[in-house]
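Be aware that the sequence shown starts at 0, since it is given in numbering that gives the first Met the number 0, and climbs by one per residue. Working notes, structure below.
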Amino acid sequence: MLFLGQMEERKQNDSPALEQPSPEVQHPDAVSGSAPDVAATDKVFNAAPEPAPDALAAEATSAAAPAETPPPPVSATIRLDKKHPLAIRWMHWVNFPVLFTMIWSGLLIYWNDSDNAYHHPHAVYRVGLGPFTLFRFFPPWFWKAMDAPYHVTKGLGYHFFFMWIFAINGFLYVLYTVLSGEWRFVVPDKKSLKEAILVTLKDLHLSKYLPPQTKYNGAQKIAYTSVILMGAGSLITGLSIYKPTQAHWLTTLLGGYEMARWEHFLLTMGFCAFFVIHVTQVVLAGWNNFRSMVSGLEVKSVQEPSLEAERKSWG
Ligand code: HEM
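Structure, rendered in structure tokens:
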């Protein structure tokens, strides 16, 4: 599946109990003998238990007994890395039901246009050329299943209330990522496009090479940044059709009232597509990845770079 990349490999660390301690694997910091850089926030699991005091005493008194071969030294193979800060987790999970409510209430409003499609000149939500309409979105059974008919005012009420939560939550998320420096993990850089292509080829089993990544791979960076920009786009197009008189300059800039409605609708379809792909990726990436968006911590191999060390390097 697309975008999964290294997330799939991390999935293998999901069951620490099954992992065999390997004498070859050393924590990078253990080589230099200094304290692990991740000690403050990362918990390192040592598979080698401390010898019991009784065992040491017995060893001292039986010096004459033939020496047994000591077991090889065992180092940590996995640790917990702090992946998602609390603020990001909160804002991510608040966004999910709020966006859901925005889409549901938006559809209640949109039914009105759909139902009257053949009775007034609005021809926004359709695919066609000039007067020829190939199809209009959503068949009657869809509206019936949603219990949408004649619930326009209910839709408007929910839409205009939850839009504030959507806007405030989105604004706080952007503010937090900018102030904390977390944006560095999310915003694509000049390597991201190439990286996204390589990750996609790997996920399609067309290549074995996986570029190194930090928190997110190039494809994830592009997808997450796009969805944040789409959120801003929904607010801007929404404002232009909510207050087309007061914000007439904005409505004009977006190509006029009908065009702004169409853009608003297309962005909503984009959210739905993002949601399907995003949740599929999360399911395929596995429990370790999902759990990190709940607890903030991810089980990682000691060989993988520490996100906490990277955060510290920002200064
Ligand atoms: C059932 C619904 C959802 C689930 C289970 C889910 C799960 C997750 C998980 C596990 C991650 C972390 C990915 C990783 O660490 O590699 C993530 C990140 C993210 N998700 Fe979702 N998500 C859901 C809905 C949404 C929705 C509706 C949106 C927005 C439209 C969204 C936008 C994002 C963004 C922007 C990130 C990156 C956040 C950051 O690190 O700053 N998610 N999601």
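Each residue gets a CB set at the ideal place from its N, CA and C atoms; glycine is no exception.
Taking 8 Å as the cut-off, decide whether the C-beta atoms of residue i and residue j are in contact.
i, j, result
"GLU257", "THR236", "no"
"LEU296", "LYS82", "yes"
"LEU106", "MET162", "no"
"THR199", "ALA218", "yes"
"LEU209", "LYS201", "yes"
"ASP80", "GLU307", "yes"
"THR224", "PRO187", "yes"
"ALA315", "THR267", "Since the displayed the chain opens at 0 and closes at 314, residue 315 lies outside it and no answer follows."
"ILE227", "VAL173", "yes"
"TRP313", "ARG183", "yes"
"TYR149", "SER104", "no"
"PHE264", "MET229", "no"
"PRO171", "MET90", "Residue 171 is actually Leu in this sequence, not Pro. Result yes, Cβ atoms of LEU171 and MET90 sit closer than 8 Å."
"ILE77", "VAL278", "no"
"MET101", "PHE159", "no"
"VAL298", "ASN288", "no"
What residues are listed by DSSP as bridge partners for residue i?
i, result
"LEU128", "PHE131"
"LEU296", "LYS81"
Against chain C, does residue i count as a neighbour if the rule is that its beta carbon must be under 8 Å from one of theirs?
i, result
"ALA144", "Absent from the structure: chain C. Only one protein chain is present."
On the CB-based measure, 16 or more other CB atoms within 10 Å of its CB, does residue i come out buried or exposed?
i, result
"THR176", "buried"
"GLU194", "buried"
"VAL97", "buried"
"GLN280", "buried"
"SER305", "buried"
"ALA75", "buried"
"ALA66", "exposed"
"VAL293", "exposed"
"SER206", "exposed"
"GLY154", "buried"
"GLN245", "exposed"
"ILE317", "In the structure as shown, the chain starts at 0 and stops at 314, and residue 317 therefore has no counterpart that could be examined."
"TRP110", "buried"
"LEU133", "exposed"
"ALA272", "exposed"
"TRP85", "It should be pointed out that residue 85 corresponds to Leu in this sequence rather than to Trp. By the neighbour-count rule (16 or more Cβ atoms within 10 Å), LEU85 is not buried but exposed."
Give the list of continuous beta strand (DSSP E) stretches no shorter than 3 residues that lie fully inside the region 162-213. You should have found no qualifying run.
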